[in-house]
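Residue 427 in my numbering sits at position 428 of the sequence shown, and the numbers go up by one each step. Glycine included, each C-beta is placed from N, C-alpha and C at the ideal position. Encoded as structure tokens, the structure appears first; notes follow it.
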Amino acid sequence: MKREKRKPSNIKYKELNKIRKPTEKKITEQKTDTKIFPFNVWILSGIIILIGFFAFSKYLTGEYLFFFKDIGSDSINQNYPAIIHKINLLKDGFFSKWSFYKGVGDSYVSGIPVEPYGLFRSGIDYAGASFVGANFFIFGRFLRIFIFYFLFTGIIAYFYFRTLSVKKFAAVIGALLLTFSGYMVVGAGWGFSSHIFKAIFLLLAFEQLYLKKRWFFFPFAIIWLSSNPFVLFIYTIFLLLYSLFRYFSEQENGFTGYLKLTGKMILLGFIGVMMNFANLFKAFLKMYYSPRVVGDASYSNLLSSGQDITEHGNLGATTILRFFSSDMLGCGSNFHGWFNYLEAPLFYIGLLTLLLFPQIFIHLNKRKKIIFGSFLGFWALTLFFPYLRYTLLAFTGDYFRYGFDFFIPFTLLLFAVLSLNEIDKTFKINIPLLTGTFVVLMFALFFPYTSLSGNAVQGNLQTISAILLAVYTILLLAFSKLKYKIPIKSLHNMQFCCLLFLSSVIFHINLMPVECLLPKPNLTKTKPAMPTAQ
């Protein structure tokens with residue numbers, strides 16, 4: 000009788016062990032991720048600040064102003080007068096309705112922002128204008144850009160990846176790569192760094208709504224985007240495609256659920272638009288009555304007819320080489336690629352990304368491979384079929400800086416971070432695929448593109464990129480073998496060394512455009528003279 004009583008008890012104990020073991024394993028993993036690994040948002044912020052200080056110290060300290068001539072002349076011809084205009088308006092108070100500082104006078108509605116981030120920035124601007132004056136905006140221009148866009152973009156990107164259940168190590172790497180991407184660094188001189196900040200916050204807001212059922216981020220994302228109607232339009236299209244990709248990669252049969260999610264996004268988006276309607280309507284009228292939209296300077300009719308959709312011969316070569324570095328074909332006015340330094344594709348988002356993103360497909364089942372491949376393939380089609388790209392841009396022109404300089408590199412980065420996350424968990428790498436990716440990248444890097452002039456490709460950057468690709472490949476191969484050879488503490492040290500190596504690479508790559516855009520030492524030894532605000 001005793002044995003019969005013990006038997007059911009023994010079975011229950013085994014069943015309890017089966018239930019308990021995964022839970023204990025999960026708790027152990029969480030402790031390892033939080034206590035042994037020091038990767039977190041504070042470490043990320045410190046690295047971003049450190050890289051920024053060394054790479055952009057001449058701008059952060061005010062030794063040089065963040066205004067450029069030649070191809071960057073918009074910064075001195077448009078941004079500087081806009082700064083002076085803003086200072087004069089701030090002197091009149093928060094609620095300016097008409098400005099006599101612009102031409103013969105123009106309506107200029109300004110008021111207190113309706114969301115916390117805008118209130119925070121407006122308060123800082125008002126205090127700076129009151130106590131420091133014009134120098135706060137002129138000499139501190141890049142400092143404000145660095146804090147409000149570089150640093151905050153990195154932090155938001157980290158939380159975005161963490162929302163996707165990406166481990167801290169991969170989340171920090173992904174945030175760093177996005178923060179110092181080509182679009183962020185080069186686009187900062189033209190004001191496009193704010194687009195990345197708004198875009199990554201939009202994706203964070205979507206994931207919080209979709210995965211965490213938190214709705215309150217979404218209206219704020221729409222408020223920031225709706226300050227420019229065209230930016231709102233193009234990123235709404237991206238969000239539609241991204242939401243389809245994310246939802247159906249998670250759900251096999253859930254079209255009704257997706258419609259409910261879309262309904263929530265429409266409702267919350269409408270709330271955001273209404274909260275910012277005054278600024279949106281003003282920007283819409285300005286854009287609508289611009290000669291570029293309805294006037295003689297508009298290309299809409301010509302482009303929509305398909306008569307003038309021809310690609311320049313060197314666009315393909317420029318697109319490929321700018322995945323390796325923004326300055327692979329020269330810098331500033333010395334750029335030798337398609338169109339000009341800003342408007343050519345700015346697709347650089349780290350060499351590590353190029354090696355890692357194909358690896359995601361070895362961790363997916365057949366259905367997910369189709370969905371991931373379709374999402375990536377769609378953005379690849381916009382490069383091969385310009386009419387598709389023009390359509391997404393509403394036939395306003397052949398722009399990469401509006402949307403595509405974020406959409407395409409970000410897609411590669413997302414796949415790369417998810418791959419790194421899986422490698423961090425399973426130590427599984429497809430070595431033939433990694434080797435093949437390395438060979439293809441080296442071929443693309445050193446291919447003799449006949450559409451480019453002989454001195455177009457920067458030989459030093461080409462060599463550095465090749466060396467770094469080789470080092471990254473070796474590190475990835477070594478990382479995949481660490482599970483069975485070293486303890487967890489040594490693995491942590493290895494990851495930290497990889498992070499330091501990546502940081503030094505980011506610093507070196509981003510130092511080049513800064514140095515190339517700075518005035519030559521023999522031409523100027525003092526700060527550029529700027530007119531003062533009246």
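Burial state of residue i, where buried means 16 or more other Cβ atoms lie within 10 Å
i	result
R366	exposed
V416	buried
G253	exposed
Q358	buried
F135	buried
I487	Low per-residue confidence applies at I487: pLDDT is 46, beneath 50, and the placement is therefore not dependable enough to give any value.
N313	buried
V439	exposed
T255	exposed
L328	buried
F384	exposed
S325	buried
I473	exposed
G435	exposed
Y386	exposed
K212	exposed
S452	exposed
G51	buried
W378	buried
E206	buried
F442	exposed
V456	buried
CB of residue i within 8 Å of CB of residue j, strictly
i	j	result
F66	S74	yes
F141	Y58	yes
F437	L320	no
L260	Y209	yes
K68	N420	no
L163	L412	no
L267	W214	yes
T410	L375	yes
V185	L43	no
L150	I46	no
L350	F323	yes
A236	L391	The sequence given here has Ile at residue 236, not Ala. Against a cut-off of 8 Å, the Cβ pair of L391 and I236 comes out as a contact.
I86	A133	yes
F160	G173	yes
F38	F168	yes
E342	Y288	no
A432	S464	Note that residue 432 is Leu in the sequence shown here, rather than Ala. In this structure, S464 does not lie closer than 8 Å to L432 by Cβ.
K64	I137	Checking the displayed sequence, the identity of residue 64 turns out to be Leu instead of Lys. Taking 8 Å as the Cβ cut-off, L64 and I137 qualify as a contacting pair.
I422	F356	no
L467	I430	no
P112	S121	yes
A187	I233	no
S332	I70	yes
F229	M183	no
N78	G190	yes
Interface flag, residue i vs chain B, CB-CB below 8 Å
i	result
S164	Although the question refers to chain B, the structure presented lacks it and comprises just one protein chain.
N-terminal and C-terminal residue of the alpha helix (DSSP H) that residue i is part of
i	result
T381	K365 to F383
T436	I430 to F445
H194	S192 to L210
E421	F403 to T425
Q461	G458 to F478
G132	Run containing G132: none; DSSP gives neither H nor E here.
T395	Where T395 is concerned, there is no enclosing alpha helix (DSSP H), given that its DSSP letter is neither H nor E.
R143	R140 to I144
P218	F217 to L224
S352	Reading the sequence as shown, one finds Thr at residue 352 and not Ser. Element bounds for T352: L350 to L355.
Could you say if the region 201-221 and the region 239-246 meet the contact criterion of at least three C-beta pairs nearer than 8 Å? Yes: the two stretches touch, three or more of their Cβ pairs being nearer than 8 Å.
Counting Cβ pairs, one atom from each stretch, are 3 or more of them under 8 Å apart for the region 447-454 and the region 184-201? No: fewer than three Cβ pairs fall under 8 Å.
Report the residue ranges of all alpha helix (DSSP H) runs contained in full by the region 148-189; include only those spanning at least 4 residues, in chain order. Counting only runs of 4+ residues, the alpha helix (DSSP H) found wholly inside the region 148-189 occupies 151-162, 167-178 and 181-186, in chain order.
Could you give the uninterrupted runs of the alpha helix (DSSP H) lying entirely in the region 305-339, keeping only those of 4 residues or more? Secondary structure in the region 305-339: the alpha helix (DSSP H) runs of 4 residues or longer, each lying completely within the stretch, are 314-320 in chain order.
Measuring CB atoms only, is the region 219-237 touching the region 246-262, in the sense that at least three cross pairs come out at less than 8 Å? Under the Cβ criterion (8 Å, minimum of three pairs), the region 219-237 does not count as touching the region 246-262.
Jot down the residue ranges of each uninterrupted alpha helix (DSSP H) in the region 29-87, minimum 4 residues, whole runs only, in chain order. Taking only runs of at least 4 residues, the alpha helix (DSSP H) segments lying wholly in the region 29-87 are 40-54 and 56-59.
Segment contact flag, the region 340-350 with the region 399-406, C-beta cutoff 8 Å, min 3 pairs: At 8 Å Cβ cutoff, the stretches touch.
Pair every Cβ in the region 259-273 with every Cβ in the region 209-221, then say whether three or more of these pairs are closer than 8 Å. Yes, the region 259-273 is in contact with the region 209-221.
Can you check the region 230-301 for any beta strand (DSSP E) of at least 3 residues that lies completely inside it and give the ranges in chain order? Taken in chain order, the region 230-301 contains no complete beta strand (DSSP E) segment of 3 residues or longer.
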